[in-house]
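Colleague:
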Amino acid sequence: MAEYTSILVEREEKVGIVTLNRPRELNALNFQLVNELADALEEFDRDEAIGCIILTGSGEKAFAAGADIKEMADKSPIDMMLGGFESWGRIRKIHTPMIAAVNGYALGGGCELAMHCDIILASENARFGQPEILIGVIPGAGGTQRLARTLGKYRTMEIVLTGSPINAKELESLGLVNHVVPQGELMNEARKLANKIAGQAPIAVRMAKEAVLSAFETSLEEGLDLERKNFFLLFATEDMREGMRAFIEKRQAHFQGK
Ligand code: CAA
368 MAEYTSILVE
378 REEKVGIVTL
388 NRPRELNALN
398 FQLVNELADA
408 LEEFDRDEAI
418 GCIILTGSGE
428 KAFAAGADIK
438 EMADKSPIDM
448 MLGGFESWGR
458 IRKIHTPMIA
468 AVNGYALGGG
478 CELAMHCDII
488 LASENARFGQ
498 PEILIGVIPG
508 AGGTQRLART
518 LGKYRTMEIV
528 LTGSPINAKE
538 LESLGLVNHV
548 VPQGELMNEA
558 RKLANKIAGQ
568 APIAVRMAKE
578 AVLSAFETSL
588 EEGLDLERKN
598 FFLLFATEDM
608 REGMRAFIEK
618 RQAHFQGK
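Numbers in the numbering used here are just positions in the sequence shown, counted from 1, shifted up by 367.
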């Protein structure tokens with residue numbers, strides 16, 4: 368693993384854990400942190416031994432309170448364009464499933480980062496929101512698009528146009544948060560879920576993630592075609608033979624990622 372200064376990177380068997388680590392700034396996402404995050408996620412993505420990644424924030428107060436306003440305050444459009452925003456595109460292209468364990472504020476870029484993940488767990492004290500409008504800008508890392516696709520136009524408009532935060536329970540009922548758990552149990556729940564995913568057949572997991580994500584990018588017809596092709600392709604894997612044989616023989620399957 369490379370050396371990082373703004374994030375902590377750990378591995379627990381098949382699970383990679385990345386912790387945003389600027390607690391004094393409520394894990395505000397400066398350019399360096401987002402670049403390091405993209406590097407670390409890509410490193411895990413290349414590692415065949417890693418089957419799931421958990422993303423969380425250090426401290427008890429924040430997952431991430433957004434892009435670093437102090438860093439951005441004097442920037443020009445060109446500075447912003449060249450400063451590392453393309454790292455968000457790298458995060459979007461990670462194939463390994465990612466679980467956001469949201470342990471407090473997930474605002475602005477923090478909310479957008481959670482939405483880059485595939486499953487969102489949140490502690491009871493978590494607060495989500497897109498407060499960019501309050502500082503004269505709009506979400507810049509996918510907030511308007513991902514919220515609208517999950518919550519629909521009207522709730523998204525209210526969130527983006529008022530900047531008011533929303534609690535985790537409400538987002539659980541609206542389908543953006545998978546589960547709300549007590550703060551002290553958040554990482555254990557994330558680990559349980561991550562280990563469950565990491566124990567599945569790796570190629571099937573990758574193809575399942577690709578197929579679900581394609582639902583947000585394509586027409587129904589194209590999405591159905593991609594799902595069908597991935598389904599057929601999995602019949603070329605040893606894991607498919609093993610999984611079906613194990614079912615018939617009434618035993619646990621042992622997947623090899625082949
Ligand atoms: N950028 C830089 N520093 C931040 C920050 C941010 N987004 N959020 C918090 N901090 C810093 C504060 O300035 C403060 O530092 P100092 O002690 O040096 O003053 C420290 O973290 C602690 O924060 P507060 O004292 O403000 O803590 P609080 O409990 O009173 O309030 C909060 C917490 C409601 C989250 C508040 O900090 C806040 O509103 N933060 C900004 C949220 C925001 O606007 N996020 C959107 C950023 S823009 C964006 O993300 C664009 C995009 O789409 C990519």
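For each residue, glycine too, the CB sits at the ideal point set by N, CA and C. Note that the structure is a prediction, hence the values are computed from the model and not measured.
Please state whether the Cβ-Cβ distance between A432 and L474 is less than 8 Å.
Modeller: Taking the sequence shown and counting its residues from 1, the one referred to as residue 432 is at position 65. Taking the sequence shown and counting its residues from 1, the one referred to as residue 474 is at position 107. Cβ atoms of A432 and L474: closer than 8 Å.
Colleague: So R494 and Y472 are supposed to be a Cβ contact under 8 Å. How far apart are they, rounded?
Modeller: Taking the sequence shown and counting its residues from 1, one reaches residue 494 at position 127. Taking the sequence shown and counting its residues from 1, one reaches residue 472 at position 105. With a Cβ gap of about 5 Å, R494 and Y472 count as contacting.
Colleague: Using the beta-carbon count (16 or more within 10 Å), is A508 buried or exposed?
Modeller: Here residue 508 corresponds to residue number 141 of the sequence shown, with the count starting at 1. Looking at its Cβ environment, which holds 16 or more other Cβ atoms inside 10 Å, A508 is buried.
Colleague: Count Cβ pairs between the region 415-424 and the region 368-388 that sit closer than 8 Å; are there 3 or more?
Modeller: With a cut-off of 8 Å, the region 368-388 and the region 415-424 count as touching, because enough Cβ pairs lie within range.
Colleague: What are the residues that DSSP puts in a beta bridge with F495?
Modeller: Translated into positions along the sequence shown, residue 495 becomes position 128. F495 pairs with A473, I533.
Colleague: Look at V548 and E539 and say whether their C-beta atoms are less than 8 Å apart.
Modeller: As a position in the sequence shown, residue 548 is number 181, starting the count at 1. As a position in the sequence shown, residue 539 is number 172, starting the count at 1. Cβ atoms of V548 and E539: not closer than 8 Å.
Colleague: Using CA coordinates, which residue listed in Q550, I500, H483, E392 is at the minimum distance from A532?
Modeller: Translated into positions along the sequence shown, residue 532 becomes position 165. Contrary to the premise, residue 532 reads as Pro rather than Ala in this sequence. Selected option, being the one with the closest Cα: I500.
Colleague: Is any heavy atom in the ligand CAA found nearer than 7 Å to the beta carbon of Y472?
Modeller: As a working note, residue 472 is residue 105 in the sequence shown. Checking the Cβ of Y472 against the ligand CAA gives yes.
Colleague: Return the first residue and the last residue of the alpha helix (DSSP H) that L422 is part of.
Modeller: Start at 1 with the first residue of the sequence shown, and residue 422 comes out as number 55. Looking at the DSSP string, L422 is not in any alpha helix (DSSP H); the run it does join, the beta strand (DSSP E), is 419-424.
Colleague: Kindly identify the DSSP beta-bridge partner or partners of E377.
Modeller: Counted from its first residue, the sequence shown places residue 377 at position 10. Its beta-bridge partners are I384.
Colleague: Starting from I570, trace the alpha helix (DSSP H) both ways and give me its first and last residue.
Modeller: To locate residue 570, count along the sequence shown from 1; it is residue 203. Looking at the DSSP string, the run of the alpha helix (DSSP H) that includes I570 is 569-581.
Colleague: On a Cα-Cα basis, can you pick out the residue from I505, T523, G426 that is closest to S490?
Modeller: As a working mapping, residue 490 is identified with position 123 in the sequence shown. Minimum Cα distance to S490 is reached at G426.
Colleague: Does the pairing of the region 461-469 with the region 550-569 give three or more beta-carbon distances under 8 Å?
Modeller: Verdict: yes, contact present.
Colleague: Please list, in chain order, all residues of the same chain as V376 whose beta carbon is under 6 Å from its beta carbon, the five residues on each side excluded.
Modeller: Along the sequence shown, read from residue 1 onward, the residue named residue 376 stands at position 9. If we look at V376 and ignore the five residues flanking it on each side, its Cβ neighbours are M368, V385, A407.
Colleague: Using a threshold of 8 Å, state whether the C-beta atoms of T517 and L488 are closer than that.
Modeller: Locating residue 517 in the sequence shown gives position 150, where the first residue counts as 1. Locating residue 488 in the sequence shown gives position 121, where the first residue counts as 1. Their beta carbons are not under 8 Å apart, which means T517 does not touch L488 by this criterion.
Colleague: Give the DSSP-derived three-state secondary structure of I487 in the structure shown.
Modeller: On the sequence shown, residue 487 is found 120 positions in, with the first residue counted as 1. DSSP places I487 in strand when its eight states are reduced to three.
Colleague: Relative to the alpha-carbon of L514, which residue among F411, L541, S373, N492 has its alpha-carbon at the smallest distance?
Modeller: Counted from its first residue, the sequence shown places residue 514 at position 147. When each option's Cα is compared against that of L514, the closest is L541.
Colleague: Taking 8 Å as the threshold (C-beta atoms), are I570 and G503 in contact?
Modeller: In the sequence shown, counting from the first residue as 1, residue 503 sits at position 136. In the sequence shown, counting from the first residue as 1, residue 570 sits at position 203. Contact flag unset, no.
Colleague: Measure the Cβ-Cβ separation of N397 and E438 and say whether it is below 8 Å.
Modeller: The count along the sequence shown starts at 1 and reaches residue 397 at position 30. The count along the sequence shown starts at 1 and reaches residue 438 at position 71. Cβ distance < 8 Å, so N397 and E438 count as in contact.
Colleague: Quick one: grab the DSSP three-state call for I526.
Modeller: Taking the first residue of the sequence shown as position 1, residue 526 is located at position 159. Helix, per DSSP.
Colleague: Could you check what DSSP says for E466 in three-state terms: helix, strand or coil?
Modeller: Here residue 466 corresponds to residue number 99 of the sequence shown, with the count starting at 1. According to the sequence as given, residue 466 is Ile; it is not Glu. I466: strand per DSSP, three-state reduction.
Colleague: Can the beta-carbon of G610 be found closer than 8 Å to that of A620?
Modeller: In the sequence shown, the residue the question calls residue 610 occupies position 243. In the sequence shown, the residue the question calls residue 620 occupies position 253. Contact: yes.
Colleague: Could you tell me if the beta carbon of L387 falls within a distance shorter than 7 Å of some heavy atom in the ligand CAA?
Modeller: As a first step, residue 387 must be located in the sequence shown, where it is residue number 20. Every heavy atom of the ligand CAA is 7 Å or more from the Cβ of L387, so no.
Colleague: Tell me whether the beta-carbon of A578 lies closer than 8 Å to the beta-carbon of L600.
Modeller: On the sequence shown, residue 578 is found 211 positions in, with the first residue counted as 1. On the sequence shown, residue 600 is found 233 positions in, with the first residue counted as 1. No, Cβ-Cβ distance for A578 and L600 is not below 8 Å.
Colleague: Taking the alpha carbon of Q567 as the point to measure from, which residue in L387, A405, N388, A416 has its own alpha carbon closest?
Modeller: On the sequence shown, position 200 is the one that residue 567 refers to. Checked all of L387, A405, N388, A416; the closest Cα to Q567 is A416.
Colleague: The alpha helix (DSSP H) that contains A432, what's its start and end?
Modeller: Counting from one through the sequence shown, the residue named residue 432 turns up at place 65. Per DSSP, A432 belongs to no alpha helix (DSSP H) and is neither H nor E.
Colleague: Which same chain residues, not among the five before or five after R573, have their C-beta less than 6 Å away from its C-beta?
Modeller: To locate residue 573, count along the sequence shown from 1; it is residue 206. Cβ within range, chain order: H462.
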